[in-house]
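Peer 1:
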Amino acid sequence: MVSYGTASFLTQADALLRKNLIYQRRNIKQNIILTIYPVFLCLLIISIQSVVNNELDKPRYHCGCKCIDANGSGTCRDVCGVQFSTSIQAIACPVPRPQEWPALVQVPSAKYRAVRAASHNFRGLPDGSCFKDLSCAATSLFTGQNESIAKSLVKRILLNSIPENKEDISSFVSVAYLGTNSIPGPDNYVERGLLSQSPVHLILPLCSVKFNLTVPVTIGDVQNKKEVNCIKNLYLWRENSSIINEELFQGYRKGNPAHKISEYVGAYDFLNTSKINFNVNLWYNSTYSNRGKPRLLRVPRTLNMVSNAFLRQFKSSKSRILLSYVKEMPKAGTRIALDLSELLGPLLYSWVVQLLLPVFLISLVHDKQHMIRIMMKVHGLGDGPYWVITYCHFLSISFLYMLWLATFGSIIGLDIFRLNNYCIQFLFYGLYINLQIVLAFLAGIGFSDVHSAAVVGYIYVFGSGLLGSFLFQFYIEHLDFSRKTLFIMELIPGFSLYRGLYELSQFALGGHYQGTYGMQWKDLSEHDNGIKEVLVIMALEWLILLYVSYYLDQLALARNGACRYSSIFTRNFKNRSIQPTVPIKIPSSTITVDQENSDIFEEVCKVENLLKKSTGGHPIILSNLEKVYTGKDGNPNKQAVHSLSLAVAKGECLGMLGPNGSGKTTVINMVTGLLLPTSGRVFLSNKEISSSMDNIHTKIGICPQKDLLWDSLSGREHLMFYGRLRNLKGLELQQAVDNSLRSLDLYEGNVGDHLAGTYSGGMKRRLSVAISLIGDTQVVLLDEPTTGLDPDSRNYLWHAIKLAKRDRAIILTTHLMDEAEFLCDRLAIIVNGRLRCVGSSSELKTRYEGSYQLTISADPINKDIIEDMVTSLCSDAMKIYDVIGTQRFRLPKQVVRVQEIFKAIEVLKRRVAIHAFEVTGTSMEDVFSNVVNHALESEID
800 MVSYGTASFL TQADALLRKN LIYQRRNIKQ NIILTIYPVF LCLLIISIQS
850 VVNNELDKPR YHCGCKCIDA NGSGTCRDVC GVQFSTSIQA IACPVPRPQE
900 WPALVQVPSA KYRAVRAASH NFRGLPDGSC FKDLSCAATS LFTGQNESIA
950 KSLVKRILLN SIPENKEDIS SFVSVAYLGT NSIPGPDNYV ERGLLSQSPV
1000 HLILPLCSVK FNLTVPVTIG DVQNKKEVNC IKNLYLWREN SSIINEELFQ
1050 GYRKGNPAHK ISEYVGAYDF LNTSKINFNV NLWYNSTYSN RGKPRLLRVP
1100 RTLNMVSNAF LRQFKSSKSR ILLSYVKEMP KAGTRIALDL SELLGPLLYS
1150 WVVQLLLPVF LISLVHDKQH MIRIMMKVHG LGDGPYWVIT YCHFLSISFL
1200 YMLWLATFGS IIGLDIFRLN NYCIQFLFYG LYINLQIVLA FLAGIGFSDV
1250 HSAAVVGYIY VFGSGLLGSF LFQFYIEHLD FSRKTLFIME LIPGFSLYRG
1300 LYELSQFALG GHYQGTYGMQ WKDLSEHDNG IKEVLVIMAL EWLILLYVSY
1350 YLDQLALARN GACRYSSIFT RNFKNRSIQP TVPIKIPSST ITVDQENSDI
1400 FEEVCKVENL LKKSTGGHPI ILSNLEKVYT GKDGNPNKQA VHSLSLAVAK
1450 GECLGMLGPN GSGKTTVINM VTGLLLPTSG RVFLSNKEIS SSMDNIHTKI
1500 GICPQKDLLW DSLSGREHLM FYGRLRNLKG LELQQAVDNS LRSLDLYEGN
1550 VGDHLAGTYS GGMKRRLSVA ISLIGDTQVV LLDEPTTGLD PDSRNYLWHA
1600 IKLAKRDRAI ILTTHLMDEA EFLCDRLAII VNGRLRCVGS SSELKTRYEG
1650 SYQLTISADP INKDIIEDMV TSLCSDAMKI YDVIGTQRFR LPKQVVRVQE
1700 IFKAIEVLKR RVAIHAFEVT GTSMEDVFSN VVNHALESEI D
């Protein structure tokens, strides 16, 4: 046989790449889904956006207009403005001269003001009975290094009387302090506290019972009157800022056991303030900005109050810094819009991008569950080429998928793709798809079932998207949320993807409204732009998880024996991991054999001599091989193979026979390296598998009990793939494939070019055998290769194996005795893991010869007569077959002679019409039954 050598890394990679490309091209269903899914979601967003835009284009969402008589001639022209608009329409109106609004103080609602309670002992707070008439004071806390200065300052904060100037609220507020408990808005175009129905509050040290005041309020050209109530502001001294922090914290609903709100106006820490130094810290309630979009908090007036107090205290009683008003910047008319890319974009896009994760995970687990990965490895595919090509295959799919998504999204006008810098997008999506591939490899190690992997994969995709939208985004927008905690959450790949999509959507939204671009490179330097942090996290996670996933993959294979010695950095682990967790008693390496089983003794001696000579004439040598399965849940250990020693010469086929569960498949798995032996040594092609398994794999062909094929690949493509792994190339590869198809009756009618999924069970079996024989394999292991074959197909297969064994050593397991006799030069019978006999079929028949088989065919009516004749001839006769007048009996040779059988038949012919009869010697079925029964009886004894 011509030796083609070991396939190089590039040759193995080329073989797997070609196979993957064919497989992907024919995986039409998956390709269609991956193409349509992003299109569907993009079109869904555009469709919903179109419906929303059509609704918002209606007049009730445009700036309100009114036809005004211009010159008294009876003609009018439309004038649009806030004064002619509803509250909804006013949002769209141009504001060339924004309204000046008084700067108000944010005061607690009357029902939430801090009072004394059983849950705390903070001194000085009002009694809770004030809730009855809603007269509770609004409390502020203060502290400082100099208590006397701090107390003097707070006395100067509030005026003791009502200002006389009440002509307009703006002039009134410039000298008085007004507050409101209304929720602030996102801008200063409108002061909600003055437009709402609730009154505003004049903050005074004391309030009279008969307090009644209204102040004129001018909004545009319209003048109204606003009711003003009095609210008492109480200032309480605390020893230090820690006490203030504790008191304010317990005022939050979740800060106290009773879950009650005790709200304060604010708090001051005057620090080292003195006559020549003004230094103060301010506490304010920021929770008003946590309700959806960011809001402008009413802080300026609070700072102005304490600044004026300092001036009045240390300069003059009339000194003050005027805070006349607050106002917004002018703006042009706008269109009320609801941008779904901001509301739903990050959620939907995260689902689109992560769709590939369960696809890759299912692919990896499928190969693992159906032993396809192991099948490829046993036939010579190294872990390096497998990882590189599989990774590149997934990366190519991901790249084309994301390119299609970004291109289509840009074409239909989705701002998140159209406005943001394409290089930033390429970097972001590129890093994530690499991280996602590594995550699929890592997750695949923990699954052995495709359905479980699919369920968990899709739960992760949709769950991380929903959590990102309804939880993680809230934390992003909550400025008081811990950045460290946010960083830890971003370590989860789904959240890091969501954070990046959120930042891209926000910049795209800003660019849309400003008529500019979205995120650019210069924007990465912004402090609150989280995408820079996400890029670093994803890059580091990708590199770390790549190493970890490969390492764990090698350990998982090492535990099963599949890559027993293939990785340098796992050797130390494997030296430990292959040892049973429960102590197992292993027989001594010295082999003792019953002298009655001289064939076994001779086999053991032959193995020992071969190990000493180290010749290459026997490609398969098993020396004292044992396998013990550790007992679990209190069960005893199970020894599946006992001290097995066998040698198979080149050109020899060894048949391994035994009842179900005898250990035949266990032996096959240990020989191929799929299972770690507990003890003993295995030599294939004169190399011990404990040190050269990867090199040996290229010389092994295996046909497993179950066909491990790809339904979407043809028979020829299977053979081309495995032929390339055998280092066959060019014309030699084509000829080897054609010869394999011809020898196994898969060539005529282009059967070899049909997809394996269309093959019958017998055709798949023949293809599996062809895979094991292609190339220059020196060792072939056939595990029940003819299971399910019809007689013609079996005959084809027999002759193919007979022809192939000339240059190979073959181990064949079977339950068919005629197959064993036809194909095998020697037979080894194993019962309960022990070798019971070994030799050629003729030798075993001679050794275990002990009975005749008598077959008589007659009319069924004479059945009893024939049976009585046989019983009279031999009382120990056993009937083993009886169908429609044909009966077969087994007669012990020790009791009856063949001449007596023929005489009895001649006598019987005078009484009964016999159609046919046959007397045969010992068959392999007899040998097998005798050996098995004797072995079982000896174990019972």
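Terminal number for the sequence shown in this note's numbering: 1740, no gaps in between.
Note that the Cβ used here is the ideal one computed from N, Cα and C, for glycine as well.
In angstroms, rounded to a whole number, what distance separates the CA positions of residue 986 and residue 1099?
Peer 2: Straight-line Cα distance between these residues: approximately 14 Å.
Peer 1: Pairs of beta-carbons, one from the segment 1507-1526 and one from the segment 814-822, closer than 8 Å: are there three or more?
Peer 2: The segment 1507-1526, when compared against the segment 814-822, does touch it at the 8 Å Cβ threshold.
Peer 1: Specify, as a first and last residue, the run of the beta strand (DSSP E) that residue 1500 falls within.
Peer 2: Its beta strand (DSSP E) spans residues 1499-1502.
Peer 1: Once the 5 residues before and after residue 1013 are set aside, which same chain residues still bring their CB inside 6 Å of it?
Peer 2: Contacts found: 1024, 1026.
Peer 1: Taking Cβ positions, are residue 1691 and residue 1675 nearer each other than 8 Å?
Peer 2: Yes; because the gap between Cβ atoms is below 8 Å, this pair is in contact.
Peer 1: Candidates 1710, 1664, 1175, 1455: which alpha carbon is nearest residue 1582's?
Peer 2: Comparing Cα positions, the closest option is 1455.
Peer 1: Can you check which of these residues, 1327, 1248, 1250, is closest to residue 1282 by C-alpha distance?
Peer 2: Residue 1327 is the option with its Cα nearest to residue 1282.
Peer 1: Taking residue 993 as the reference, give the member of 1002, 1007, 1018 with the closest Cα.
Peer 2: Comparing Cα positions, the closest option is 1018.
Peer 1: Please name the residue, chosen from 1723, 1721, 1704, 1722, that lies closest to residue 1715 on a Cα-to-Cα basis.
Peer 2: For residue 1715, the nearest C-alpha among the options comes from 1704.
Peer 1: Assign residue 1686 to buried or exposed, taking buried as 16 or more other Cβ atoms, counted over all protein chains shown, within 10 Å of its Cβ.
Peer 2: With 16 or more Cβ atoms within 10 Å of its Cβ, residue 1686 is classed as buried.
Peer 1: Taking the beta carbon of residue 1727 as the centre, do at least 16 other beta carbons fall within 10 Å, making it buried, or is it exposed?
Peer 2: It is buried - the Cβ of residue 1727 has at least 16 other Cβ atoms within 10 Å.
Peer 1: My parser needs the beta strand (DSSP E) runs of 3 or more residues fully inside the segment 804-861; what are they?
Peer 2: As far as the segment 804-861 is concerned, it has no whole beta strand (DSSP E) run of at least 3 residues.
Peer 1: Among 1594, 1573, 1608, 1555, whose alpha-carbon lies nearest the alpha-carbon of residue 1580?
Peer 2: Among 1594, 1573, 1608, 1555, the Cα nearest to that of residue 1580 is on 1608.
Peer 1: Could you have a look at residue 1026 and say whether DSSP puts it in helix, strand or coil?
Peer 2: It is a strand residue.
Peer 1: Does the separation of the CB atoms of residue 1573 and residue 1525 fall below 8 Å?
Peer 2: Taking 8 Å as the Cβ cut-off, residue 1573 and residue 1525 qualify as a contacting pair.
Peer 1: Within 8 Å, do at least three Cβ pairs link the segment 1583-1600 to the segment 1536-1544?
Peer 2: The segment 1536-1544 vs the segment 1583-1600: in contact.
Peer 1: List the endpoints of the continuous beta strand (DSSP E) containing residue 990.
Peer 2: Segment: none, residue 990 is in no beta strand (DSSP E) and carries neither H nor E.
Peer 1: Please return the same chain residues whose Cβ sits closer than 7 Å to the Cβ of residue 1605, not counting the five positions on each side in sequence.
Peer 2: Same-chain partners within the cutoff: 1450.
Peer 1: CB-CB under 7 Å to residue 1658, same chain, minus the five flanking residues each way: which ones, in chain order?
Peer 2: Counting only Cβ-Cβ distances below 7 Å, and skipping sequence neighbours, we find 1684, 1712.
Peer 1: Can you name, in chain order, every residue of its own chain whose Cβ lies under 7 Å from the Cβ of residue 812, other than the five neighbours on each side?
Peer 2: Taken in chain order, the residues that qualify are 1184, 1187, 1188.
Peer 1: Please give me, in chain order, every unbroken run of the alpha helix (DSSP H) with length at least 4 that falls completely inside the segment 1251-1281.
Peer 2: The segment 1251-1281 contains these whole alpha helix (DSSP H) runs: 1272-1276.
Peer 1: Alpha carbon to alpha carbon, how far is residue 1522 from residue 1364? Give it in angstroms, no decimals.
Peer 2: For residue 1364, the predicted structure reports a pLDDT of 42, less than 50, and the residue's modelled location is therefore unreliable. A value from the coordinates is still provided. Between residue 1364 and residue 1522, the C-alpha separation is close to 24 Å.
Peer 1: Taking the beta strand (DSSP E) that residue 1425 belongs to, which residues open and close that run?
Peer 2: 1419-1428 is the span of the beta strand (DSSP E), which, as asked, contains residue 1425.
Peer 1: From this set, 996, 1237, 1232, 1701, which residue's C-alpha is nearest residue 1717's C-alpha?
Peer 2: Ranking the options by Cα distance to residue 1717, first place goes to 1701.
Peer 1: Assuming the contact rule is C-beta atoms closer than 8 Å, residue 1071 and residue 944 should be a hit. Round their C-beta distance to whole Å, please.
Peer 2: With a Cβ gap of about 5 Å, residue 1071 and residue 944 count as contacting.
Peer 1: Thinking just about the alpha-carbon of each residue, which of 1054, 1009, 1204 is nearest to the one in residue 842?
Peer 2: Of the candidates 1054, 1009, 1204, the one whose C-alpha sits nearest the C-alpha of residue 842 is 1204.
Peer 1: Leaving out the 5 sequence neighbours to the left and right, which residues in its chain are closer than 8 Å to residue 1724 when beta-carbon positions are compared?
Peer 2: Closer than 8 Å at Cβ, skipping near neighbours: 1616.
Peer 1: Along the chain, where does the beta strand (DSSP E) containing residue 999 start, and where does it finish?
Peer 2: Unbroken beta strand (DSSP E) run through residue 999: 999-1003.
Peer 1: Below 6 Å CB to CB, which residues in the same chain sit around residue 1010 once its five sequence neighbours on both sides are set aside?
Peer 2: Once the five neighbours on either side are set aside, the close Cβ partners of residue 1010 are 1029.
Peer 1: Taking the beta carbon of residue 1022 as the centre, do at least 16 other beta carbons fall within 10 Å, making it buried, or is it exposed?
Peer 2: The residue is exposed, with fewer than 16 neighbouring Cβ atoms inside 10 Å.
Peer 1: Between the C-alpha atoms of residue 912 and residue 1126, what's the straight-line distance to the nearest angstrom?
Peer 2: C-alpha separation (whole angstroms): 29 Å.
Peer 1: Is residue 1635 helix, strand or coil when you go by DSSP?
Peer 2: In this structure, residue 1635 counts as strand in the three-state DSSP scheme.
Peer 1: Opposite residue 868 in the DSSP bridges: which residues?
Peer 2: Beta-bridge pairing links residue 868 to 875.
Peer 1: Can you check the segment 1542-1605 for any alpha helix (DSSP H) of at least 4 residues that lies completely inside it and give the ranges in chain order?
Peer 2: Counting only runs of 4 or more, we get 1560-1572, 1590-1603.
Peer 1: Reducing DSSP to helix, strand and coil, say where residue 1309 ends up.
Peer 2: Residue 1309: helix per DSSP, three-state reduction.
Peer 1: Find out if the Cβ-Cβ distance for the pair residue 887, residue 859 is shorter than 8 Å.
Peer 2: Yes, they are a contact pair.
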